[in-house]
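Colleague: Residue numbers (this note's numbering), protein chains in the order written: chain A, 896 to 1129; chain B, 896 to 1129.
Where a beta carbon is used, it is the ideal one built from N, C-alpha and C, also for glycine.
From a predicted model like this one, the values you see are computed outputs, not experimental measurements.
Structure provided below as structure tokens; questions to follow.
There are 2 protein chains.
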Amino acid sequence: MIERRQTGTGLHDPVLEKLGMEIAAGELPPGHVLTLDGIQERFGVSRTVAREAMRVLESMGLVQSRRRVGITVRPTADWNVFDPKVIWWRLSGPARGAQLRTLTELRIAVEPLAAGAAARAATPAQRSRAVELAATLRRLGEAGELTEFMERDVEFHGLLLQASGNEMFAALADVIAAVLRGRTQLGLMPHKPVPEAMDLHDAVAAAVAGGRSAEAETAMRALLVEVRTAMLPG
Amino acid sequence: MIERRQTGTGLHDPVLEKLGMEIAAGELPPGHVLTLDGIQERFGVSRTVAREAMRVLESMGLVQSRRRVGITVRPTADWNVFDPKVIWWRLSGPARGAQLRTLTELRIAVEPLAAGAAARAATPAQRSRAVELAATLRRLGEAGELTEFMERDVEFHGLLLQASGNEMFAALADVIAAVLRGRTQLGLMPHKPVPEAMDLHDAVAAAVAGGRSAEAETAMRALLVEVRTAMLPG
DNA sequence: CTGGGCAATTGGTGCTACCTTTCCGTGGAT
DNA sequence: ATCCACGGAAAGGTAGCACCAATTGCCCAG
């Protein structure tokens, strides 16, 4: 589940969001210098708020603050590219395609192992839920219910990441949810999921349910390679 | 290269560091409530400094700030476990072993694909450097120069991650360096690297140099599985 | 005794004013 | 041309204020 704005309140959050987006989008290129004064004036906020937003950006590696010189935008290589906010900002900007590609590579790396681990570590409830979801996916896919299909797909992949028992894998669930949602928004999904995809979802679920780790891993890998080739033209 | 706070300057940094460590270590368990006043008094800093540290912790998902309630420590599942600072804090605390395990799983997921990508995308300089490093590793390993071996190993793995052309993989270089260093500090390394490890380093380097992607991937996977089994007893 | 509403308390939110510290530029002296 | 000293710009840090929201608990009605 992506959770945008659950806090809602907070005056420094809009500032953080806007600056983060602009930096991630490259509108404020590396080397560009901001000042607290400038931020205050631009957003009509106090020094306190400007400083807090700046500190958070600094902790993400997006900027560096030095006395006398100002707030400098840092090169991309220094960013915390695993920070969910940074990923979100890049997915919202012109680098969306590139970010989707690197994230898909990450998915191909992580999700097969997560599925394998899930086959070993999942609870009975998780196993049956996986099978159930795979069946639902087939039904929705054949019916052409694209958005509902996507939501279940998000749940399916999130479930396996959670069930892997590795909290670092589990932490990727939200990010991958954003990838799946962003992919359909970008029109990188076929209008009707290919039958192979449904077969592979079934295969993964069955292998997880049956505790067949290696099988779950290879099926998930095949599924994701399928996903990558499908979005290559995009 | 690990770079612990080369900025040094900054009064809010020690506060952030201490609180982060305590939360990561579980000394401040989920649900525990802090107040800005308490932080001010404890560290002898002003409200501004306490607030900035709190905001950064909040952006890492370690705490949540609510009016009238205070600053609540959030459950582990909400943490940004990919944030380098969070990883560092957990590696420094009692959860070190668990963190090393999840990170090793992540390595097994990511590094083989990164090596495969490096075989496709590396520059000529990177390819020759990889071969050179593998040879150096063999020499150092046979000589039993453990710390120097480790430093070259750090460079080797970082090089391939950088060369993969995927910035998310590249961003893991620092973290993996911390894992390698932490592993030797924890005594989870054999006193003399096993010959197989050296052979596999060679195989990876040769495959990358020769552009044989699949071969680089499988060799790297074998190398990391070796690593995992070696640290399982720990 | 229970429940609902109202008021007091608590603690973060945001603002302003002011001082300190660090360095970047600049300009003058050698 | 080089070096050094100095002024000023901008972040770093402190203090105290008004404000607001949520929680706590009290009080009174049923």
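Do T971 of chain B and P925 of chain B count as a contact pair if the criterion is CB distance below 8 Å?
Modeller: It is a contact, given that the beta carbons lie within the stated cut-off.
Colleague: If you draw a straight line from the C-alpha of R1034 of chain B to the C-alpha of L911 of chain B, how long is it?
Modeller: One C-alpha to the other measures close to 42 Å.
Colleague: My assumption, with CB atoms under 8 Å, is that P1088 of chain A sits in contact with F1051 of chain A. Please give the rounded CB distance.
Modeller: Actually they do not touch by this definition, with Cβ atoms about 12 Å apart.
Colleague: Using a 10 Å radius around the Cβ and a threshold of 16 neighbouring Cβ atoms, would you call H1086 of chain A buried or exposed?
Modeller: Result: exposed.
Colleague: Rounded to the nearest angstrom, what separates S987 of chain A and R996 of chain A at their Cα positions?
Modeller: So the two alpha carbons sit approximately 14 Å from each other.
Colleague: For R1047 of chain A and A1016 of chain B, I'd like the C-alpha separation in whole angstroms.
Modeller: Those two C-alpha atoms are separated by around 36 Å.
Colleague: Suppose you measure from the CA of L869 of chain A to the CA of R1002 of chain A; what does that come to, to the nearest Å?
Modeller: Outside the shown range of chain A (896 to 1129) lies residue 869 of chain A, about which nothing can therefore be said.
Colleague: Pick helix, strand or coil for T967 of chain B, following the three-state DSSP scheme.
Modeller: Strand.
Colleague: Would you check if the segment 1007 to 1023 of chain B and the segment 1049 to 1065 of chain B touch, i.e. whether three or more CB-CB distances between them fall below 8 Å?
Modeller: Yes: the two stretches touch, three or more of their Cβ pairs being nearer than 8 Å.
Colleague: Excluding the five sequence neighbours on either side, which residues of its own chain have a C-beta within less than 6 Å of the C-beta of V928 of chain A, listed in chain order?
Modeller: For V928 of chain A, where only same-chain residues beyond five positions count, the Cβ hits under 6 Å are G965 and T967.
Colleague: If the cut is a Cβ gap below 7 Å, which residues of chain B does I934 of chain A touch?
Modeller: Result: empty, since nearest Cβ-Cβ is about 15 Å, beyond 7 Å.
Colleague: Using 10 angstroms around the beta-carbon of Q1080 of chain A, count the other beta-carbons present and answer buried if the total reaches 16, otherwise exposed.
Modeller: By the neighbour-count rule (16 or more Cβ atoms within 10 Å), Q1080 of chain A is not buried but exposed.
Colleague: Which residue from B:P1090, B:G1077 and B:L1119 puts its Cα closest to that of R991 of chain B?
Modeller: Here the closest residue by C-alpha is B:G1077.
Colleague: For the candidate residues B:I982, B:A1098, B:T1031 and B:G1060, whose alpha-carbon lies nearest to that of I918 of chain B?
Modeller: Considering only alpha carbons, the answer is B:I982.
Colleague: So H907 of chain A and V958 of chain A are supposed to be a Cβ contact under 8 Å. How far apart are they, rounded?
Modeller: Not quite, the Cβ-Cβ distance comes to about 15 Å (not below 8 Å), so this is no contact.
Colleague: State yes or no: is the C-beta of L1075 of chain A within less than 8 Å of the C-beta of V1049 of chain A?
Modeller: Yes. Within cutoff.
Colleague: Suppose you measure from the CA of R962 of chain A to the CA of L1083 of chain B; what does that come to, to the nearest Å?
Modeller: Distance between the alpha carbons of R962 of chain A and L1083 of chain B is about 43 Å.
Colleague: Please look up how many angstroms separate the CB atoms of A1092 of chain B and L1118 of chain B, rounded, as I've assumed it's under 8 Å.
Modeller: Contact holds; Cβ gap of about 7 Å.
Colleague: Would A1100 of chain B and L1041 of chain B be called neighbours here (beta carbons separated by less than 8 Å)?
Modeller: In this structure, L1041 of chain B does not lie closer than 8 Å to A1100 of chain B by Cβ.
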